[in-house]
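Residues 19 to 644 (this note's numbering) are what the first sequence spells out, left to right. Remarks on the structure that follows.
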Amino acid sequence: MFVTADSSAPLPASKKKAENTVALPYNERTHHCGELRGADEGKSVLLVGWVQTYRDHGGMVFIDLRDRGGITQLFFNPDTDPQAHTIARSLRSEYVIAVRGDVRSRGAMVNPKMPTGEVEIAVHEIELLNKSETPPFPIENEIDTNEDLRLKHRVLDIRRPAVREALMLRHKITKSIRDYFSENGFVDIETPILNKSTPEGARDYLVPSRLHHGSFYALPQSPQIFKQLLMIGGMDRYFQIARCFRDEDLRADRQPEFTQVDVEMAFVQPEDVMQHVERCIAAAAKVAIGVDVPLPLPRISYAESMAKYGKDAPDMRYDMTIKDVSEILRKIEFRVFAEPLAKGGVVRCIVVPGGAEMTRKETDGLTEEIKGIGAGGLPLVKVEDKDGKPTPQTGIAKFLSDGDVFAEICAATGAKHGDLIMFAADNEANVCKYLGWLRQEVAQRRGMIPENDWKFCWVVDFPCFGWDEEAQAIYPMHHPFTSPKDEDLQYMKVGSDDVPEAADLLKIRAKAYDVVLNGIELGGGSIRIHRGDVQRKIFQLLGLSVEEAKEKFDFLLDALKYGAPPHGGIALGLDRIVMLFGRFGSIRDVIAFPKNAKASCPLSLAPGRVAESQLKELGLRVVTSK
RNA sequence: GGGGCUGUAGCUCAAUUGGUUAGAGCGCCGGCCUGUCACGCCGGAGGUUGCGGGUUCGAGUCCCGUCAGCCUCGCCA
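Spelled out as structure tokens, the structure:
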């Protein structure tokens, strides 16, 4: 029902109620619903919005009116404004209305729970702009509803303040980032969405070509090569808020399309990129969460991060770091430790402060879960002080009770009475994986992670290559354009066709850097290879033949011939930054229209089938369908 | 591809070992109510227990299959 004042045609009887309403110029609203205060008393205002709730007292009616800015209480008095009151009685949740009235003090009836609680609007005129069906869930912050249902009705979900604020936070952060780079000489340049597939990394999303049957574009996994071409093209400093696409399985912090803050600079060393990025992040943190991030951010080497935190994205909000006890435990005969040590592995542990109080149920639960990620079990022991001497209790205590072994362990790890020591023994990579997981899990379960703490850091000195135990071969830790450190180039035998020893290759460190917040990687970057000979050597080491490299990256190799400057950059996960700053549990919470875990859009139901004629035009035929 | 959890009214949940007509709160609809803001009071409607099959005198409950959602491992250079 859309009521206007100037309807010249006679209204049907059913609309008689509304006949007397006056059309309000809703485009001339004076305020948003969150801004009126006691000081505005006496003002005549025009508000528009949605009906949050209605409280009909038979006589007077209260309506909470909501828009993007907040909520204001409307007051309808049957004695002074009978027409408006009549309409107010018919309003329901989510009806869209415009009202004109006077701001007045609520006197003694102030509601301290709402920002606008000092005032209400005595409504004189109202226009019903649109009705609404009953929403499937209440438009409130504290709702306990399936995310699935919320996403199907995302329109209503977005009306909830929490979702609205997430999108506004995202805007603030994005704007702050754009401002920073714009003010520092970076040029915002768009790169292509329709690209050539380069099947090295993640799976590509493919787009069939109509003009070239059998050929496909790929959506970008990142603008990586194009930003390098921009540097070689002399643009010097570039940034882009770029959408990227990866056709891999999803997680709480992974979507098939996500947004990356993409940055590249020419004539720089790692420090130059890192300084700009940390200043940018600090500015965004100030705007988004009001926190002053001390700069420069701490730097930690990849090797130290793996040794102390078991992962390349350390969470430094709590201690409980990993300690190596291989040498001490080499002295005892305990098969669980001895076998891995004999094979060149390590034994490491974490000390859980006060962990002796953990119940059998708790530790059994951890044991089951750590088995789930591949560990054989979870050897543990409690520390008890007996006559001034640390004594092992329960668990693997009987294997540690000879001589001074346990005292040595406690001295080396700082374990004391009432603590619990948890061990892992395996090859180094697995021990890192198990204890890295365990450290985080125990900290979470025991409430050891302080809230309101923001621990940023840079992880640097990544190795160029990792060692794949199963394949017994090296694999690249980063994309193949990452530059090795100048002093490590010697190990690569650039300019010769010889393949260096794997042991040598594993020594090579990259000019790469990741920025981490509270144990989550916000982004990573590197100085790129600007020498054609080095780039070709890397392709060779990764097992790409000259022909393959030429086929896939010819345009990059070609560009490297024409005076490529030293250059490097970074890519930051914008969704993750907003998720962390806003304390959300999933990046779906900070994306307006996210996909679900099966990469479908619950709202539009994408992906969907297409007409046979469309397939024919593209030269495609569907062979199987599920 | 593997593992785990979940699916009952519009929403959130309950329903003894398999046993009468599947209940509650919120929401919704109708009535009453002039200072509420979780308004209150009275009354009412609302169900293919995700779907299909099986066992049984009898299935929301047990079995098999299937679909959907979430988490996770693999994967994500």
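C-beta: ideal position from N, C-alpha, C; glycine also.
Kindly indicate which three-state DSSP category residue i falls into: helix, strand or coil?
i    : result
E53  : coil
Y113 : coil
F244 : helix
F417 : helix
G586 : strand
F155 : coil
M510 : helix
K400 : strand
H189 : helix
E138 : strand
M292 : helix
Q490 : coil
R464 : coil
N202 : coil
Y235 : strand
W455 : helix
Q553 : helix
M324 : helix
F611 : coil
G373 : helix
T385 : helix
E539 : strand
G591 : strand
A41  : coil
I105 : helix
Using beta-carbon positions only, say whether residue i and residue j come within less than 9 Å of one another.
i    : j    : result
Q553 : F611 : no
K140 : F93  : In the sequence as displayed, the identity of residue 140 is Ala instead of Lys. Yes, the Cβ-Cβ distance between A140 and F93 is below 9 Å.
L347 : L398 : no
L621 : I243 : no
G67  : R84  : yes
G373 : R261 : no
A325 : R264 : no
N271 : I538 : Note on identity: in this sequence residue 271 is Asp, with Asn being the wrong assignment. In this structure, I538 lies closer than 9 Å to D271 by Cβ.
E446 : G363 : yes
V534 : W476 : yes
R9   : L578 : A query on residue 9 cannot be resolved here, the shown segment of the chain reaching from 19 to 644 and no further.
I299 : Q278 : no
G637 : R317 : no
A301 : D197 : yes
So is residue i buried or exposed if we call it buried at 16+ other beta carbons inside 10 Å?
i    : result
H11  : The structure shown does not extend to residue 11, since the chain is modelled only from 19 through 644, so no value can be given for it.
E282 : buried
P274 : buried
V640 : exposed
R627 : exposed
P210 : exposed
R457 : buried
E565 : exposed
L700 : Residue 700 lies beyond the residue range present for the chain, which begins at 19 and ends at 644; the question has no answer from this structure.
L315 : buried
I195 : buried
Leaving out five residues before and five after residue i in sequence, what residues of the same chain have Cβ atoms less than 8 Å from its Cβ?
i    : result
I307 : W472 and F599
F285 : D254, P583, P584 and H585
D572 : none
V460 : M338, I368, V370, G373, L384, M440 and M466
L523 : C482, F483, I492, Y509, M510 and L559
Starting from the C-beta of residue i, find all residues in its chain whose C-beta is less than 7 Å away, skip the five residues before and the five after it, and write them out in chain order.
i    : result
K525 : D506 and Y509
C51  : L65, G67, L83, R84, D85, G87, G88, I89 and T90
A236 : N213, K214, S215, D222, Y223 and L224
L42  : L64, A116, R118, E143 and E145
E53  : G87
M132 : I89
F234 : S215, L224, V225, P226 and S227
A629 : none
Can you give me the Cβ contacts of residue i inside the same chain, cut-off strictly under 6 Å, excluding the 5 residues immediately before and after it?
i    : result
N129 : G135
P358 : A443 and D444
A433 : V369, V401 and I439
A530 : F480, H496, T500 and S544
A567 : F557
D120 : S62 and A140
Q. Can you find at least 3 beta carbon pairs, one from the segment 421–429 and one from the segment 452–470, that sit closer than 8 Å?
A. Put simply, the segment 421–429 does not touch the segment 452–470. Fewer than three CB pairs are less than 8 Å apart.
Q: Evaluate contact between the segment 580–590 and the segment 533–547, counting only Cβ atoms and requiring at least three cross-stretch pairs below 8 Å.
A: yes
Q.
Could you check whether the segment 106–114 touches the segment 161–172, counting it as contact only if at least three pairs of C-beta atoms, one from each stretch, sit closer than 8 Å?
A. The count of Cβ pairs closer than 8 Å, one atom from the segment 106–114 and one from the segment 161–172, stays below three, leaving the stretches out of contact.
**Q.** Three or more C-beta pairs below 8 Å linking the segment 482–499 and the segment 412–420
**A.** no
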